[in-house]
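See below for the structure under consideration.
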Amino acid sequence: MDYEKTIISWLETETGETGLSLEMPKDTAHGDYAFPCFILAKKLQKAPQIIASELSDRFSLEQVQVAAIGPYLNFTILDNSKQIETLKHILSGNIIQKTAEPKVVLIESPGPNTNKPLHLGHLRNMLLGISLTHALRAIGKTVHTVNVNNDRGIHICKSMLAYQLFGDGKTPQSEGRKSDHFVGDYYVKFAQACAESEERKTELENQAQEMLTKWEAGDQEVLALWKKMNDWCLAGFQETYKRMGLTIEKEYFESETYQGGKDIILKGAEDGLFYKNEKGAIEADLEDKGLGKKVLLRSDGTSVYITQDINMAHLRYQDFSFDEMIYIVGNEQEYHFKVLFELFRMLGWSFGESCRHFSYGMIELPEGKMKSREGNVIDTDDLIKTVDGLAYEAVKERYEDLDEAEMNERARAISTGAIRFFFLKFDPLKNFVFNPKESLSFEGETGPYVQYTHARISSILRKSDAGNPTFTHLNADEDKQLLKQLGEFQSVVERMAEELRPSALCQYLIKVCQQFNSYYSKHQVIQEDKDVEADRVALLSAVQKVLKAGLEILGITALERM
RNA sequence: GGGCCCAUGGCUUAGCCUGGAUAGAGCGGCCGGCUUCGGACCGGCAGGUCGGGGGUUCGAAUCCUCCUGGGCUCACCA
């Protein structure tokens, strides 16, 4: 029985109005549905309080209790069969329904440059990508993960040149340095050398430019150096991806795709989509879209940044024939993607319509923006290492008699939980300040809090010897609140997948945990009355399953013990 | 200068799309709670002109508008 519809149709016949709707009160003391009577006040020439009380006098529906609280009509559904239905559903393991159309989605993340290690921006990128991948799969979409490596250009040559000048034949192995960090060290050295003097800077930049020209000309020596350093970087990234649980199905490389982009542009120019400007460069006119004019090929015929993105999309469509593509890229590239998608349209590529730029805000440090050239960046690997250490200390402090392997395993899960949750709980659109000293905690609205709640429930479930539930003892306010909350899990996951907002799931999980922990402090689960115990165990078990499914989407291990 | 985005207690933030009943929460501060299921927890207190003005509305943190402050962007860089 759909009480909402029934109540609405009663209201409509009673008042002669149409198109009325109910709202869901925030405060549970206000029941399950509410009708604000202000709307009728003008028409009926009566105070809304009076209208509410008159309507409540005339109301009579099975299983629905009505109360006029001020100008509101509040309805409470006494029949909890729907919630019990949901509860049984969850208990049977049917936690998330695949309600989405079974489309193929491509997700691009994290798009690194191969001249330095991954920093916190990439971390945010990866975690957003991973959680979205999980959420989309959970609701029934097919997701393929791809990546783009920006492995060509002047920034790459800077690291290469510095290595040539100061490298002295050293290798990551000889220095015992993670290979991408080793490469990044030379990017910093380049900047340091440039800082010596203006002359030195000009000299070095010219040399880097020469190197780039040689690279494009296919100079064997330069290419060999490029290959060596690129491979170091990529190998380092792989380690970090693995640690963060990111699997990439197909890697694309700018160095391999930029040439093909030219042909597409040239063909487009032939077809009259683009034109040659007065300097001989090929341009797209996007003035009518408010995007200005965009150069697609330089007058010397070489490609620009966007050229390779055009070809890459084309290649990906050949590889995956996706229905949707989501680019997870920072908000500083919003203009770039507006232009890119417009170009897809001009080229008549139908998939262009379903491309989305998942734009996220930057991460700043308390002392300001991160600048890799200046060295005030926090690397992903360094952060993980630090938090691993903190988590290990936290576990050791509480459970000193655990064996080393178990201690490490828990510490690692907790560390991952803390990092992931912290980076996902904020609205992705917003910039946030990362304060290394204060930001990462294992208490309050954190991943470990959710993990702890899960472990706590698990512990109770292990101890209980209750039989089968009858679902007749879940009538306390706290029972109802929890049941109601569990019923919203599905729509939270759907919303996260549609709106690309993992933060919505984080907020939800926190709320469930808070409600459970409060429940825990008021209601004893394990007890003499085994019928009551069985029902509460059923409820807890459902909470546990929802927490676990939610954590899995975020990529966090739901611990049985911690 | 044009475009896009952001502004909520000391700090970090939810709510804004789809307007409603005392603006939720975490951290920090203060007070209290482990001889029943895990204190990485729970209960309570203090702390808010929801950046500012104007408008729409019975009603605005939420919608519209102007302004202020901040970020990003508008390369034949990537």
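Residue numbers (the numbering used here): 881 to 1442.
Where is the CB? At the ideal position from N, CA and C, for every residue including glycine.
A Cβ-Cβ separation of about 5 Å places Ala914 in contact with Tyr952 under the 8 Å criterion.
His999 sits away from Met1376, with the two beta carbons spaced by 8 Å or more. When C-alpha distances from Ser961 are compared across Gly1367, Lys926, Asp1031 and Trp890, the shortest belongs to Gly1367. Inclusion of Leu1227 and Leu1153 in the CB contact set at 8 Å is warranted, their separation being smaller than that value. Distance between Pro1246 and Trp1095, taken at the CA atoms: about 39 Å. Ser1039 sits close to Val1063, with the two beta carbons spaced by under 8 Å. If you look at Ala1377, you'll find it in the alpha helix (DSSP H) that goes Phe1369 to Glu1379.
The beta carbon of Gly1297 sits closer than 6 Å to the beta carbons of Gly1327, Pro1328, Gln1331 and Ile1436 from its chain, once the five residues preceding and following it are set aside; these are given in chain order.
Residue pairing for Asn1027: DSSP places it in a beta bridge opposite Glu1131.
The alpha carbon of Glu1325 has as its nearest neighbour, out of Glu981, Asn1157 and Asn1397, the alpha carbon of Asn1397. Rounded to whole angstroms, the separation of the alpha carbons of Gly1033 and Ser1201 is 29 Å. Considering only Glu892, Lys1402 and Glu1129, the residue with the shortest C-alpha distance to Leu902 is Glu892. Following the DSSP letters along the chain, one finds Ile1190 in no beta strand (DSSP E) but inside the alpha helix (DSSP H) bounded by residues Tyr1185 to Phe1200. By the neighbour-count criterion, in which a residue is buried when 16 or more other Cβ atoms sit within 10 angstroms of its Cβ, Glu894 is exposed.
Straight-line measurement puts the Cα of Leu986 at about 37 Å from the Cα of Glu1090. Burial is judged here by how many other beta carbons sit within 10 angstroms of a residue's own beta carbon; Gln963 has at least 16 and is buried. Within the stretch 920 to 953, the runs of beta strand (DSSP E) that reach at least 3 residues and sit entirely inside it are, in chain order, 944 to 949.
Non-local C-beta neighbours of Asn1315 in its own chain, meaning closer than 8 Å and more than five positions away in sequence, comprise Leu1245 and Pro1246, ordered along the chain.
Between Val944 and Ile888, the CB-CB gap reaches or exceeds 8 Å. Under the three-state reduction of DSSP, Lys1249 is assigned to strand. Beta-bridge annotation (DSSP): Ile1206 is paired with Ile987 and Arg1236. Taking 8 Å as the cut-off, the beta carbon of Val1219 is found no closer than this to the beta carbon of Lys1265. Around the beta carbon of Thr1120, 16 or more other beta carbons sit within 10 angstroms, so the residue counts as buried. Looking at Glu884, Pro992, Ile1337 and Asp1411, the one whose alpha-carbon comes closest to that of Val1209 is Pro992. Straight-line measurement puts the Cα of Met1006 at about 27 Å from the Cα of Gly1141. Per DSSP, the unbroken alpha helix (DSSP H) holding Ala1271 starts and ends at Thr1260 to Arg1278.
Counting along the chain, the unbroken beta strand (DSSP E) around Phe915 starts and ends at Tyr913 to Pro916. Taken through DSSP and simplified to helix, strand or coil, Asp1165 comes out as strand. Shown here for Leu1171: same chain residues with a beta carbon closer than 7 Å to its own, the five before and five after excluded, namely Lys1218, Val1219 and Glu1222 in chain order. In the DSSP assignment, no residue is bridged to Asn1086.
Just so you know, the alpha carbons of Glu1079 and Asn1086 end up roughly 11 Å apart.
Rounded to whole angstroms, Glu942 and Lys885 show a C-alpha spacing of 14 Å. When Ile930, Asn1029, Gly1001 and Leu1146 are compared, the shortest CA-CA separation from Ile1258 is found for Gly1001. Between Ala1422 and Thr1350, the C-beta gap is not smaller than 8 Å, which leaves the two residues out of contact.
Taking the Cα of Ala1418 as reference, the smallest distance to any Cα among Tyr1067, Ser1338 and Met1442 is reached at Ser1338. Between Leu1434 and Arg1300, the CB-CB gap stays under 8 Å.
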